[in-house]
Amino acid sequence: MTATSDINRDRIAATEAVIRPHVRRTPLIEANLADFGLTAAPVIFKLEMLQHSGSFKARGAFANLLLRQVPQAGVVAASGGNHGAAVAYAAQKLGIPATIFVPEITSPAKIERIKGYGAKLMIAGSRYADALAASEAHLARTGTMAVHAYDQAETLLGQGSVGLELEQDAPRIDTLLVAVGGGGLIGGIAAWSAGRTRIIAVEPELSPTLHDAFAAGAPVDAPASGLAADSLAPRRVGELMFPIARAHVERVVLVSDDAIRQAQNALWSTLRLVTEPGGAAAFAALLSGRFRPAPGERIAVLVCGANTTAVNFSG
(Lines of atoms letter the chains of each structure in order from A; the text may use other names.)
(Lines give C-alpha, C1' and ligand atoms only; values in the text may rest on other atoms or scores of the structure.)
Protein backbone atom coordinates (compact mmCIF):
# COMPACT_ATOMS: atom_id res chain seq x y z
CA MET A 1 0.00 0.00 0.00
CA THR A 2 1.23 3.46 -0.88
CA ALA A 3 2.28 5.55 2.10
CA THR A 4 0.08 8.55 2.78
CA SER A 5 3.23 10.70 2.74
CA ASP A 6 3.57 9.87 -0.97
CA ILE A 7 0.32 11.73 -1.66
CA ASN A 8 1.74 15.22 -1.43
CA ARG A 9 2.03 18.53 -3.22
CA ASP A 10 5.02 17.56 -5.34
CA ARG A 11 3.38 14.38 -6.63
CA ILE A 12 0.05 16.12 -7.21
CA ALA A 13 1.81 18.81 -9.25
CA ALA A 14 3.66 16.17 -11.26
CA THR A 15 0.42 14.27 -11.86
CA GLU A 16 -1.38 17.43 -12.89
CA ALA A 17 1.24 18.02 -15.57
CA VAL A 18 0.66 14.49 -16.94
CA ILE A 19 -3.14 14.71 -17.06
CA ARG A 20 -3.34 18.37 -18.14
CA PRO A 21 -3.72 17.64 -21.88
CA HIS A 22 -6.68 15.38 -21.11
CA VAL A 23 -8.74 17.30 -18.54
CA ARG A 24 -10.46 20.67 -18.45
CA ARG A 25 -9.33 23.49 -16.22
CA THR A 26 -12.77 24.16 -14.83
CA PRO A 27 -13.92 27.73 -14.22
CA LEU A 28 -14.98 29.64 -11.14
CA ILE A 29 -18.10 31.74 -10.73
CA GLU A 30 -18.38 34.43 -8.09
CA ALA A 31 -21.73 35.10 -6.47
CA ASN A 32 -23.14 36.50 -3.27
CA LEU A 33 -24.92 34.49 -0.62
CA ALA A 34 -27.57 37.21 -0.58
CA ASP A 35 -28.64 35.90 -3.99
CA PHE A 36 -29.79 32.77 -2.15
CA GLY A 37 -31.56 34.56 0.70
CA LEU A 38 -28.62 34.29 3.10
CA THR A 39 -26.60 36.97 4.86
CA ALA A 40 -24.65 38.89 2.24
CA ALA A 41 -21.15 37.53 1.70
CA PRO A 42 -19.12 36.64 -1.37
CA VAL A 43 -18.90 32.99 -2.38
CA ILE A 44 -16.92 31.25 -5.12
CA PHE A 45 -18.16 28.13 -6.86
CA LYS A 46 -15.62 25.83 -8.49
CA LEU A 47 -17.54 24.30 -11.41
CA GLU A 48 -16.09 20.83 -11.57
CA MET A 49 -19.41 19.54 -12.92
CA LEU A 50 -18.18 20.95 -16.25
CA GLN A 51 -15.32 18.43 -16.30
CA HIS A 52 -15.18 15.72 -18.98
CA SER A 53 -17.68 12.93 -18.20
CA GLY A 54 -19.66 15.30 -15.96
CA SER A 55 -17.62 15.19 -12.76
CA PHE A 56 -14.18 15.61 -11.19
CA LYS A 57 -13.63 11.86 -11.52
CA ALA A 58 -12.01 12.23 -14.95
CA ARG A 59 -8.88 13.55 -13.24
CA GLY A 60 -8.30 10.40 -11.21
CA ALA A 61 -9.24 8.17 -14.12
CA PHE A 62 -6.64 9.69 -16.43
CA ALA A 63 -4.05 9.62 -13.64
CA ASN A 64 -4.54 5.87 -13.25
CA LEU A 65 -4.45 5.10 -16.96
CA LEU A 66 -1.43 7.32 -17.66
CA LEU A 67 0.71 6.62 -14.59
CA ARG A 68 0.21 2.86 -14.29
CA GLN A 69 1.06 0.00 -16.63
CA VAL A 70 -2.24 -1.02 -18.20
CA PRO A 71 -2.41 -4.69 -19.32
CA GLN A 72 -3.68 -5.70 -22.74
CA ALA A 73 -6.88 -6.96 -21.10
CA GLY A 74 -7.71 -3.39 -20.17
CA VAL A 75 -9.23 -1.97 -16.99
CA VAL A 76 -12.14 -2.67 -14.69
CA ALA A 77 -13.85 -0.29 -12.29
CA ALA A 78 -16.68 -0.38 -9.78
CA SER A 79 -18.69 2.77 -9.43
CA GLY A 80 -21.90 4.39 -8.31
CA GLY A 81 -21.81 6.00 -11.73
CA ASN A 82 -19.50 9.00 -12.00
CA HIS A 83 -16.24 7.10 -11.57
CA GLY A 84 -17.41 4.53 -14.08
CA ALA A 85 -18.27 7.22 -16.60
CA ALA A 86 -14.87 8.83 -16.06
CA VAL A 87 -12.94 5.58 -16.49
CA ALA A 88 -15.02 4.75 -19.57
CA TYR A 89 -14.30 8.19 -21.02
CA ALA A 90 -10.56 8.06 -20.31
CA ALA A 91 -10.31 4.51 -21.63
CA GLN A 92 -12.11 5.49 -24.83
CA LYS A 93 -9.78 8.45 -25.39
CA LEU A 94 -6.69 6.31 -24.78
CA GLY A 95 -7.89 3.26 -26.72
CA ILE A 96 -8.10 0.93 -23.70
CA PRO A 97 -10.82 -1.72 -23.15
CA ALA A 98 -12.92 -0.98 -20.07
CA THR A 99 -15.50 -2.94 -18.07
CA ILE A 100 -17.59 -0.99 -15.56
CA PHE A 101 -19.62 -2.53 -12.72
CA VAL A 102 -22.40 -0.42 -11.21
CA PRO A 103 -25.16 -1.15 -8.66
CA GLU A 104 -28.87 -1.04 -9.38
CA ILE A 105 -29.20 2.41 -7.76
CA THR A 106 -27.04 4.05 -10.44
CA SER A 107 -28.98 6.79 -12.17
CA PRO A 108 -30.05 6.38 -15.81
CA ALA A 109 -28.01 9.47 -16.74
CA LYS A 110 -24.81 7.83 -15.51
CA ILE A 111 -25.59 4.51 -17.13
CA GLU A 112 -26.11 6.24 -20.46
CA ARG A 113 -22.81 8.07 -20.05
CA ILE A 114 -20.94 4.82 -19.48
CA LYS A 115 -22.59 3.10 -22.44
CA GLY A 116 -22.00 6.14 -24.63
CA TYR A 117 -18.26 5.98 -24.00
CA GLY A 118 -18.14 2.43 -25.30
CA ALA A 119 -17.37 0.56 -22.08
CA LYS A 120 -18.86 -2.81 -21.22
CA LEU A 121 -21.46 -2.15 -18.53
CA MET A 122 -22.35 -4.70 -15.84
CA ILE A 123 -25.05 -4.15 -13.18
CA ALA A 124 -24.29 -5.99 -9.93
CA GLY A 125 -26.20 -5.77 -6.66
CA SER A 126 -27.99 -2.92 -4.96
CA ARG A 127 -25.07 -0.86 -3.59
CA TYR A 128 -21.54 0.20 -4.51
CA ALA A 129 -20.05 -2.52 -2.29
CA ASP A 130 -21.83 -5.17 -4.39
CA ALA A 131 -20.46 -3.73 -7.62
CA LEU A 132 -16.99 -3.59 -6.10
CA ALA A 133 -17.12 -7.27 -5.14
CA ALA A 134 -18.25 -8.20 -8.64
CA SER A 135 -15.47 -6.14 -10.19
CA GLU A 136 -12.89 -7.89 -8.00
CA ALA A 137 -14.16 -11.27 -9.17
CA HIS A 138 -13.90 -10.07 -12.78
CA LEU A 139 -10.35 -8.88 -12.10
CA ALA A 140 -9.34 -12.30 -10.81
CA ARG A 141 -10.78 -13.99 -13.90
CA THR A 142 -9.43 -11.68 -16.58
CA GLY A 143 -6.19 -10.04 -15.43
CA THR A 144 -7.51 -6.56 -16.05
CA MET A 145 -6.23 -3.61 -14.00
CA ALA A 146 -8.51 -2.30 -11.30
CA VAL A 147 -9.08 1.46 -11.17
CA HIS A 148 -10.42 2.16 -7.69
CA ALA A 149 -12.86 5.03 -7.28
CA TYR A 150 -11.11 6.50 -4.25
CA ASP A 151 -8.68 4.18 -2.42
CA GLN A 152 -5.85 4.29 -4.95
CA ALA A 153 -2.85 6.64 -4.83
CA GLU A 154 -3.17 7.72 -8.46
CA THR A 155 -6.84 8.49 -7.93
CA LEU A 156 -6.08 10.83 -5.04
CA LEU A 157 -3.20 12.43 -6.93
CA GLY A 158 -5.46 13.15 -9.88
CA GLN A 159 -8.26 14.56 -7.74
CA GLY A 160 -5.73 16.71 -5.92
CA SER A 161 -5.31 18.73 -9.11
CA VAL A 162 -8.64 20.38 -8.27
CA GLY A 163 -6.95 21.92 -5.23
CA LEU A 164 -3.99 23.03 -7.32
CA GLU A 165 -6.26 24.84 -9.79
CA LEU A 166 -8.32 26.45 -7.05
CA GLU A 167 -5.23 27.73 -5.25
CA GLN A 168 -3.92 29.26 -8.47
CA ASP A 169 -7.23 30.79 -9.57
CA ALA A 170 -8.56 31.88 -6.16
CA PRO A 171 -5.52 32.17 -3.89
CA ARG A 172 -7.23 34.13 -1.12
CA ILE A 173 -9.83 31.51 -0.16
CA ASP A 174 -10.13 30.88 3.59
CA THR A 175 -12.50 27.90 3.56
CA LEU A 176 -13.49 25.26 1.03
CA LEU A 177 -16.59 23.07 1.34
CA VAL A 178 -16.26 19.64 -0.31
CA ALA A 179 -18.79 16.79 -0.53
CA VAL A 180 -17.52 13.37 0.57
CA GLY A 181 -18.30 9.85 -0.56
CA GLY A 182 -15.29 7.56 -0.51
CA GLY A 183 -13.01 10.51 0.11
CA GLY A 184 -10.79 10.53 -2.97
CA LEU A 185 -11.65 14.12 -3.82
CA ILE A 186 -11.34 15.64 -0.37
CA GLY A 187 -8.27 13.49 0.32
CA GLY A 188 -6.49 14.77 -2.77
CA ILE A 189 -7.49 18.37 -2.13
CA ALA A 190 -6.50 18.18 1.55
CA ALA A 191 -3.13 16.69 0.60
CA TRP A 192 -2.57 19.61 -1.75
CA SER A 193 -3.77 22.23 0.74
CA ALA A 194 -1.90 20.68 3.68
CA GLY A 195 -3.46 23.16 6.08
CA ARG A 196 -3.19 26.25 3.91
CA THR A 197 -6.98 26.35 3.48
CA ARG A 198 -9.68 25.36 5.96
CA ILE A 199 -11.36 22.24 4.55
CA ILE A 200 -14.92 21.38 5.58
CA ALA A 201 -16.35 18.01 4.60
CA VAL A 202 -20.05 17.72 3.79
CA GLU A 203 -21.95 14.43 3.82
CA PRO A 204 -25.58 13.32 3.64
CA GLU A 205 -27.05 12.39 7.00
CA LEU A 206 -27.96 9.02 5.50
CA SER A 207 -24.39 8.29 4.31
CA PRO A 208 -22.04 9.60 7.04
CA THR A 209 -18.89 7.76 5.98
CA LEU A 210 -16.22 10.25 7.05
CA HIS A 211 -18.27 11.44 10.01
CA ASP A 212 -18.42 7.91 11.39
CA ALA A 213 -14.75 7.29 10.59
CA PHE A 214 -13.73 10.38 12.55
CA ALA A 215 -15.87 9.21 15.48
CA ALA A 216 -14.33 5.72 15.40
CA GLY A 217 -10.76 6.83 14.71
CA ALA A 218 -10.57 4.69 11.55
CA PRO A 219 -12.62 3.90 8.43
CA VAL A 220 -15.71 1.90 9.45
CA ASP A 221 -18.86 0.72 7.73
CA ALA A 222 -21.55 3.39 7.74
CA PRO A 223 -25.13 3.60 6.49
CA ALA A 224 -25.31 3.99 2.71
CA SER A 225 -28.59 5.36 1.43
CA GLY A 226 -30.41 8.54 0.57
CA LEU A 227 -30.87 10.92 -2.33
CA ALA A 228 -27.17 11.02 -3.23
CA ALA A 229 -26.51 7.30 -2.72
CA ASP A 230 -25.23 6.81 -6.27
CA SER A 231 -22.30 9.15 -5.62
CA LEU A 232 -21.87 9.67 -1.87
CA ALA A 233 -22.58 6.25 -0.32
CA PRO A 234 -19.67 3.82 -0.70
CA ARG A 235 -20.16 2.29 2.79
CA ARG A 236 -16.77 3.46 4.13
CA VAL A 237 -14.06 5.97 3.27
CA GLY A 238 -10.71 4.91 1.88
CA GLU A 239 -7.77 3.83 3.99
CA LEU A 240 -5.39 6.09 2.07
CA MET A 241 -7.39 9.28 2.46
CA PHE A 242 -8.24 8.86 6.13
CA PRO A 243 -4.91 9.97 7.68
CA ILE A 244 -4.88 12.95 5.29
CA ALA A 245 -8.41 13.91 6.27
CA ARG A 246 -7.67 13.49 9.97
CA ALA A 247 -4.70 15.84 9.60
CA HIS A 248 -6.19 18.47 7.28
CA VAL A 249 -10.01 18.32 7.29
CA GLU A 250 -11.40 20.42 10.11
CA ARG A 251 -14.76 18.69 10.53
CA VAL A 252 -17.71 17.03 8.85
CA VAL A 253 -21.06 18.74 8.35
CA LEU A 254 -24.09 16.49 7.79
CA VAL A 255 -26.99 17.62 5.59
CA SER A 256 -30.44 16.19 4.98
CA ASP A 257 -31.80 14.94 1.68
CA ASP A 258 -34.25 17.86 1.71
CA ALA A 259 -31.35 20.30 2.07
CA ILE A 260 -29.54 18.68 -0.86
CA ARG A 261 -32.65 18.91 -3.02
CA GLN A 262 -33.10 22.56 -2.06
CA ALA A 263 -29.46 23.24 -2.96
CA GLN A 264 -29.99 21.66 -6.38
CA ASN A 265 -33.02 23.86 -6.93
CA ALA A 266 -31.24 27.00 -5.72
CA LEU A 267 -28.19 26.48 -7.93
CA TRP A 268 -30.45 26.02 -10.93
CA SER A 269 -32.90 28.85 -10.24
CA THR A 270 -30.26 31.39 -9.19
CA LEU A 271 -27.18 30.53 -11.25
CA ARG A 272 -28.56 28.14 -13.89
CA LEU A 273 -26.14 25.46 -12.71
CA VAL A 274 -27.33 21.88 -13.17
CA THR A 275 -26.07 19.47 -10.52
CA GLU A 276 -26.81 15.97 -9.39
CA PRO A 277 -27.62 15.52 -5.68
CA GLY A 278 -24.03 14.69 -4.73
CA GLY A 279 -22.80 17.68 -6.71
CA ALA A 280 -25.00 20.04 -4.69
CA ALA A 281 -24.30 18.55 -1.26
CA ALA A 282 -21.46 20.92 -0.34
CA PHE A 283 -23.62 23.96 -1.06
CA ALA A 284 -26.44 22.41 0.97
CA ALA A 285 -24.33 22.96 4.09
CA LEU A 286 -24.34 26.71 3.45
CA LEU A 287 -27.91 27.02 2.25
CA SER A 288 -29.33 25.05 5.18
CA GLY A 289 -27.28 26.92 7.77
CA ARG A 290 -25.46 23.78 8.90
CA PHE A 291 -22.29 25.70 8.10
CA ARG A 292 -22.26 29.44 8.83
CA PRO A 293 -19.24 31.44 7.68
CA ALA A 294 -17.75 33.99 10.04
CA PRO A 295 -17.92 37.67 9.05
CA GLY A 296 -15.32 38.32 6.38
CA GLU A 297 -14.58 34.62 5.83
CA ARG A 298 -13.85 33.93 2.16
CA ILE A 299 -15.78 30.81 1.15
CA ALA A 300 -15.51 28.49 -1.84
CA VAL A 301 -17.82 25.61 -2.68
CA LEU A 302 -16.94 22.71 -4.92
CA VAL A 303 -19.77 21.77 -7.28
CA CYS A 304 -18.52 18.36 -8.24
CA GLY A 305 -21.00 16.54 -10.52
CA ALA A 306 -23.85 17.09 -12.97
CA ASN A 307 -24.84 13.66 -14.26
CA THR A 308 -28.58 14.00 -13.86
CA THR A 309 -31.70 13.96 -15.98
CA ALA A 310 -33.26 16.74 -13.88
CA VAL A 311 -33.19 19.07 -16.89
CA ASN A 312 -34.74 17.50 -19.97
CA PHE A 313 -34.87 19.33 -23.30
CA SER A 314 -36.77 16.68 -25.22
CA GLY A 315 -40.20 17.63 -26.54
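Quick note: the sequence shown uses this note's numbering, first residue 1, plus one each step.
Note that CB positions come from ideal geometry on N, CA and C, so glycine has one too.
The segment 208-216 and the segment 288-301 do not touch, with fewer than three beta-carbon pairs separated by less than 8 angstroms. Taking the C-beta atoms as reference points, residue 300 is found nearer than 8 angstroms to residue 170.
Here residue 45 carries a strand assignment [DSSP, helix/strand/coil]. A residue is called buried when at least 16 other Cβ atoms come within 10 angstroms of its Cβ; residue 75 meets this threshold and is buried. Bridge partners of residue 200 according to DSSP: 177, 251. The bridge partners DSSP lists for residue 101 are 78, 122. In this structure, residue 307 and residue 54 form a Cβ contact; the two beta carbons are roughly 4 angstroms apart against a cut-off of 8 angstroms.
Assignment of beta-bridge partners to residue 300 by DSSP yields 44, 176.
In chain order, 227, 228, 260 place their CB closer than 6 angstroms to the CB of residue 277, counting only its own chain and leaving out the 5 sequence neighbours on each side. Under DSSP, the beta-bridge partners assigned to residue 30 are 44. DSSP, reduced to helix, strand and coil, places residue 161 within a helical segment of the structure shown. Residue 56 places its beta carbon less than 8 angstroms from that of residue 48. By a beta-carbon distance limit of 8 angstroms, residue 42 contacts residue 32. Their separation comes to about 6 angstroms.
Non-local beta-carbon contacts of residue 109 in its own chain, meaning distances under 6 angstroms to residues more than five positions away in sequence, involve 307, 308, 309 in chain order. Under the DSSP assignment, residue 59 falls in the alpha helix (DSSP H) whose first and last residues are 57-67. DSSP places residue 149 in no alpha helix (DSSP H); its state is neither H nor E. Approximately 22 angstroms separates the beta-carbon atoms of residue 114 and residue 140; this is outside 8 angstroms, ruling out the contact.
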